[in-house]
Amino acid sequence: MSTPKLSVLLFTLALVFSACSRVVKEPKVGEWRAVLETIDGKPMPFLFDYTAEGTLVVRNAEEEVVFDDITLNGDSITIAHPIYEGVFKGIFTQDSIYGNFIKPSLNRVVPFVMKQGRQERFAVSAAPKATVTGNWETVFSPDKPSDRYIAKGMFEQVGHKVVGTFRTTTGDYRYLDGSVENDTLRLSTFDGAHAFLFTARVQGDTLMEGTFYSGNHWKEPFTARKNENYELPRADSLTFLKEGYEKLAFSFPDTEGNMVSLEDERFQNKVVIVQIMGTWCPNCLDETKYYTQYVKDNPSDDLEFVSLAFEYAPSKEKAIAAINRLKEKVGVPYPILLAQHGSSDKKKANDKLPMLSAVLSYPTTIFIDKSGKVRKIHTGFNGPATGDKYDAFVQSFEAYVGKLLAEDIHTLNQQSAGNKDVSN
Numbered sequence: 000m001s002t003p004k005l006s007v008l009l010f011t012l013a014l015v016f017s018a019c020s021r022v023v024k025e026p027k028v029g030e031w032r033a034v035l036e037t038i039d040g041k042p043m044p045f046l047f048d049y050t051a052e053g054t055l056v057v058r059n060a061e062e063e064v065v066f067d068d069i070t071l072n073g074d075s076i077t078i079a080h081p082i083y084e085g086v087f088k089g090i091f092t093q094d095s096i097y098g099n100f101i102k103p104s105l106n107r108v109v110p111f112v113m114k115q116g117r118q119e120r121f122a123v124s125a126a127p128k129a130t131v132t133g134n135w136e137t138v139f140s141p142d143k144p145s146d147r148y149i150a151k152g153m154f155e156q157v158g159h160k161v162v163g164t165f166r167t168t169t170g171d172y173r174y175l176d177g178s179v180e181n182d183t184l185r186l187s188t189f190d191g192a193h194a195f196l197f198t199a200r201v202q203g204d205t206l207m208e209g210t211f212y213s214g215n216h217w218k219e220p221f222t223a224r225k226n227e228n229y230e231l232p233r234a235d236s237l238t239f240l241k242e243g244y245e246k247l248a249f250s251f252p253d254t255e256g257n258m259v260s261l262e263d264e265r266f267q268n269k270v271v272i273v274q275i276m277g278t279w280c281p282n283c284l285d286e287t288k289y290y291t292q293y294v295k296d297n298p299s300d301d302l303e304f305v306s307l308a309f310e311y312a313p314s315k316e317k318a319i320a321a322i323n324r325l326k327e328k329v330g331v332p333y334p335i336l337l338a339q340h341g342s343s344d345k346k347k348a349n350d351k352l353p354m355l356s357a358v359l360s361y362p363t364t365i366f367i368d369k370s371g372k373v374r375k376i377h378t379g380f381n382g383p384a385t386g387d388k389y390d391a392f393v394q395s396f397e398a399y400v401g402k403l404l405a406e407d408i409h410t411l412n413q414q415s416a417g418n419k420d421v422s423n
């Protein structure tokens with residue numbers, strides 16, 4: 000072979016090898032199944048798509064949760080949610096990912112494995128011997144008074160597939176997705192913040208041997224019986240002002256460090272909606288998205304929103320960063336104040352708002368009229384996963400805010416001076 004031809008061949012081979020060395024290996028595009036490990040080692044599965052755009056889209060029943068912050072470095076992968084702190088860190092091939100789901104501020108580490116290919120959420124080898132469609136009167140931790148709480152299960156079953164949720168007095172357990180195999184019910188969800196697994200044995204109109212797992216740090220028993228007429232207590236009957244208090248009062252910093260109080264001029268003679276929340280809380284995110292859209296659709300000079308964030312982030316800087324991330328991603332147009340960092344403990348939150356009977360739930364919404372009087376406190380939030388209950392909340396919220404906006408400030412002040420009740 001002549002020298003020129005050899006040179007051309009070597010140059011061509013060099014280009015080929017150079018191009019190959021620059022090929023970036025990444026997970027296959029398509030359907031995947033992930034399994035996180037619970038406290039008992041039970042599998043907590045969820046399904047997702049790895050897209051051509053390099054995003055991960057988790058599917059829980061009707062819900063899609065997008066992870067758009069994915070970093071590849073050699074055979075290492077990091078998958079982060081745009082708002083929540085939790086992050087997947089692992090080693091990947093084209094059809095598998097192994098590693099841990101980590102929440103640094105809470106020191107929580109949950110092992111996981113992800114496999115590429117079309118798969119069932121829960122593998123089913125036998126037909127269902129029971130149906131769970133309907134409403135279920137539910138008690139979690141029934142034998143432990145300090146932890147006991149009530150809920151309403153709402154499920155729809157087609158064949159062996161089941162979707163639904165548990166509503167509690169403080170919120171809902173998101174979009175649950177699963178199946179019935181023989182007499183065993185299994186439901187799971189993963190929304191970027193929480194990983195839940197529910198298992199139970201269906202015996203007629205009763206759910207027996209129920210267990211609720213949250214990640215690998217918590218589990219509790221539950222029981223339920225079918226009751227189509229069951230309802231939870233009214234959300235506006237659970238939290239109230241203590242005797243001796245007439246108004247809500249606070250002074251907390253915004254993300255720029257400016258102290259904000261309800262005594263500020265911007266809130267005077269206006270209807271004010273105060274949201275107690277946390278950036279780590281999926282129900283709060285659902286509610287914040289709704290409030291953000293409401294403000295954009297219903298601009299009013301007589302209405303103000305303000306949120307009080309109770310953050311478990313260990314430092315003020317990390318808590319502020321979490322708030323700014325939420326505001327940017329959702330487009331929140333109203334102030335979110337840092338009420339607390341280092342803990343989301345509700346008793347500590349109540350210390351910051353001592354006029355409240357208790358802080359029972361993130362989120363909680365406080366309605367204040369133009370005279371500064373607390374007119375209603377709504378505990379918890381029925382998110383989109385609750386279907387008709389969410390629609391009912393939206394209608395009720397819009398009607399009540401409309402009523403408060405229509406009230407005349409002078410009339411309210413006269414009624415207040417005469418101690419007339421305008422709380423309805």
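With numbering that gives the first Met the number 0, the residue at position 306 of the sequence shown is 305, and numbering never jumps.
Idealized CB from N, CA, C, for every residue including glycine.
Predicted model, so just to flag it, every value in this text is computed and none were measured.
Count the other CB atoms, across all protein chains shown, that sit within 10 Å of the CB of residue i; report buried if there are 16 or more and exposed otherwise.
| i | result |
| --- | --- |
| THR364 | buried |
| ALA18 | Residue placement at ALA18 is flagged as unreliable, the pLDDT there being 43, under the threshold of 50; the coordinate-derived value follows with that caveat. Exposed, since its Cβ has fewer than 16 Cβ neighbours within 10 Å. |
| ILE275 | buried |
| ARG21 | Model confidence at ARG21 stands at a pLDDT of 42, short of 50, so the residue's coordinates are unreliable and nothing is read from them. |
| ASP407 | exposed |
| GLU245 | exposed |
| PRO473 | Only positions 0 to 423 of the chain appear in this structure, which leaves residue 473 out of reach. |
| LYS225 | buried |
| ASN282 | buried |
| THR278 | buried |
| GLN115 | buried |
Comparing alpha-carbon positions, which option in the options lies nearest residue i?
| i | options | result |
| --- | --- | --- |
| VAL57 | HIS80, GLY98, PHE392 and ASP74 | HIS80 |
| ASN228 | GLU136, GLN292 and ASN349 | GLU136 |
| GLN413 | PHE195, ALA384, ASN99 and LYS372 | LYS372 |
| LEU231 | ASP171, LEU240, TRP279 and VAL112 | ASP171 |
| LEU184 | PHE221, GLY191, HIS193 and ASP190 | PHE221 |
| TRP217 | GLY203, LEU196 and ASP204 | LEU196 |
| LYS326 | ALA357, PHE380, LEU206 and LEU284 | LEU284 |
| GLU262 | ALA318, VAL201, LEU403 and ALA248 | ALA248 |
| GLY330 | GLN292, SER314 and ILE272 | GLN292 |
| LEU35 | THR188, ALA234, LEU355 and SER360 | THR188 |
| PRO103 | MET113, GLU84 and ALA357 | GLU84 |
| PHE239 | LEU403, SER360 and PRO127 | SER360 |
| ILE409 | PRO110, SER370, THR378 and PHE396 | Contrary to the premise, residue 409 reads as His rather than Ile in this sequence. Measuring from the Cα of HIS409, the nearest candidate turns out to be SER370. |
Does DSSP classify residue i as helix, strand or coil?
| i | result |
| --- | --- |
| ASN297 | coil |
| PHE392 | helix |
| GLY116 | coil |
| ALA434 | Any property of residue 434 remains undetermined from this structure, which presents the chain solely from 0 to 423. |
| THR77 | strand |
| GLN267 | coil |
| SER145 | coil |
| HIS159 | coil |
| GLU93 | Checking the sequence shown, residue 93 turns out to be Gln, not Glu. Residue state, collapsed to three classes: coil. |
| ALA405 | helix |
| ASP387 | helix |
| GLU180 | strand |
| GLU286 | helix |
| ALA150 | strand |
| THR410 | helix |
| LEU336 | strand |
| LEU105 | helix |
| ARG185 | strand |
| VAL358 | coil |
| GLU310 | coil |
| THR132 | coil |
Between residue i and the rest of its own chain, which residues show a CB-CB distance below 8 Å, the 5 nearest in sequence each way excluded?
| i | result |
| --- | --- |
| ILE76 | PRO26, ILE69, THR70, PHE87, LYS88, GLY89, ILE90, PHE91, ILE96 and GLY98 |
| ASP74 | LYS24, ILE90, PHE91 and THR92 |
Can you list, in chain order, the residues of its chain whose CB lies under 7 Å from that of residue i, leaving out five sequence neighbours each side?
| i | result |
| --- | --- |
| VAL131 | PHE154, GLN156, VAL161, VAL179, LEU184 and VAL201 |
| LYS128 | ASN181 and ASP182 |
| ASN215 | GLU36, THR37, ILE38 and VAL109 |
| GLU219 | PHE139, SER140, ASP146 and PHE211 |
Less than 6 Å between C-beta atoms, sequence neighbours within five positions excluded: which residues of the same chain meet that for residue i?
| i | result |
| --- | --- |
| ALA357 | ASN349 |
The segment 32-44 contacting the segment 110-121, beta-carbon criterion three pairs below 8 Å: These segments touch.
Cβ pair count under 8 Å reaching 3, the segment 96-113 against the segment 201-211: Contact fails: fewer than three Cβ-Cβ distances are below 8 Å.
Contact between the segment 377-394 and the segment 163-180 (3+ Cβ pairs under 8 Å): Yes, the segment 377-394 is in contact with the segment 163-180.
The segment 339-346 touching the segment 302-314, judged by at least three CB pairs closer than 8 Å: The way I'd put it, the segment 339-346 does touch the segment 302-314; three or more beta-carbon pairs between them come closer than 8 Å.
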